[in-house]
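Each remark here refers to the structure printed beneath this line.
Residue numbers (our numbering): 11 to 316.
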């Protein structure tokens, strides 16, 4: 279901065409406004116009309706009137991918006509092209890095719980994976259910689900969440002598459930170790986040790191 229409204003600029260029996007989401902008050392004006639209859409979840404003007839008419795409096919392909599955209303706005958000996007693009924003961008980058990676740290360096009160409730899913490496003989005992303590995987599954529901008690700054579903599944691989764990957490809420999925897999792996340690103390395991969906960042997949 598409919800909450928001506005994106985009613009691109280039010196020399081709030459150094910049792009800017202004996103208006209710009363909240945020800006994006960037620089390319060697580009064209048309490429910057397209890329500004791509970056603006990438910052918005796909279940949110968008009205997109641009003063580029090149972009607007190509997307609404089927103008031929003789150049920049790589960027058109990226834009098509971003547009797919979205509800977008395309609006052309006359440049330098007094529209404040269009003027702001133009200022961002030209500032990047001319290098005026270089110093400001460095400061902004540092601030964004802090916002992105250290949201649990306040301005004084003290730990804090993130305030999610102003976020929208969306459907969110997180999938975590784990691998428990065991001795081949241990794996056979697990498969044949020959451990005195009981069914190893059944106990590990229940332990993982219970742990996910207690994540906020285990991880200090996690929010207590009303999970709608938690599942833990196992796959046994005799060839590699390992047990693969998949933990999935679901919620309709204001914050993600990555930690709940990771906690489910971690405690399942620890439970397998506890159930089997009498015969195999050399077991090892690893845990990683595979996928998350929902929220402002949309769908993101991750690769396992060796």
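All C-beta atoms, glycine included, are put in the ideal place defined by N, C-alpha and C.
Here the structure is a predicted model, which is why all the values come from computation and not from measurement.
Where do the N-terminal and C-terminal ends of the beta strand (DSSP E) with residue i fall, by residue?
i: residue 38; result: 29-39
i: residue 78; result: 74-80
i: residue 60; result: Taken as a continuous stretch (DSSP letters only), residue 60 belongs to no beta strand (DSSP E), being part of the alpha helix (DSSP H) at 55-68.
i: residue 201; result: Segment 194-201 is the alpha helix (DSSP H) holding residue 201; no beta strand (DSSP E) there.
i: residue 177; result: No beta strand (DSSP E) holds residue 177; DSSP gives it neither H nor E.
i: residue 117; result: 114-118
What does the alpha-carbon distance come out to for the pair residue i and residue j?
i: residue 138; j: residue 53; result: 12 angstroms
i: residue 228; j: residue 259; result: 16 angstroms
i: residue 202; j: residue 60; result: 59 angstroms
i: residue 105; j: residue 64; result: 5 angstroms
i: residue 281; j: residue 236; result: 24 angstroms
i: residue 40; j: residue 103; result: 30 angstroms
i: residue 312; j: residue 206; result: 38 angstroms
i: residue 309; j: residue 22; result: 27 angstroms
i: residue 87; j: residue 93; result: 6 angstroms
i: residue 293; j: residue 29; result: 57 angstroms
i: residue 289; j: residue 209; result: 15 angstroms
i: residue 275; j: residue 302; result: 15 angstroms
i: residue 155; j: residue 47; result: Its pLDDT being 49, under 50, residue 155 is placed unreliably in this model, and the coordinates cannot settle the point.
i: residue 136; j: residue 32; result: 6 angstroms
i: residue 131; j: residue 278; result: 49 angstroms
i: residue 62; j: residue 212; result: 51 angstroms
i: residue 118; j: residue 83; result: 7 angstroms
i: residue 306; j: residue 243; result: 28 angstroms
Count the other C-beta atoms from every protein chain shown that fall within 10 angstroms of the C-beta of residue i, then say buried if there are 16 or more, exposed otherwise.
i: residue 55; result: buried
i: residue 262; result: exposed
i: residue 107; result: exposed
i: residue 71; result: buried
i: residue 58; result: buried
i: residue 169; result: exposed
i: residue 190; result: buried
i: residue 115; result: exposed
i: residue 248; result: exposed
i: residue 215; result: buried
i: residue 141; result: exposed
i: residue 157; result: Reliability fails at residue 157, whose pLDDT of 48 lies under 50, so the model's placement of it is uncertain and no value is given.
i: residue 222; result: buried
i: residue 250; result: exposed
i: residue 81; result: buried
i: residue 36; result: buried
i: residue 128; result: buried
Let's see if you can read the secondary structure: which residues bound the alpha helix (DSSP H) around residue i?
i: residue 103; result: 99-109
i: residue 4; result: No information on residue 4 is available, as it lies outside the stretch 11 to 316 that the chain covers here.
i: residue 186; result: Per DSSP, residue 186 belongs to no alpha helix (DSSP H); it is in the beta strand (DSSP E), 180-191.
i: residue 85; result: 83-91
**Request:** Go through the stretch 231-293 residue by residue and report every complete run of the beta strand (DSSP E) that reaches 3 residues or more, in order.
**Result:** Within the stretch 231-293, the complete beta strand (DSSP E) runs of at least 3 residues are 239-247, 252-263.
**Request:** Check whether the stretch 168-186 touches the stretch 265-282, taking contact to mean three or more Cβ pairs, one atom from each stretch, closer than 8 angstroms.
**Result:** yes
**Request:** Evaluate contact between the stretch 217-231 and the stretch 190-202, counting only Cβ atoms and requiring at least three cross-stretch pairs below 8 angstroms.
**Result:** no
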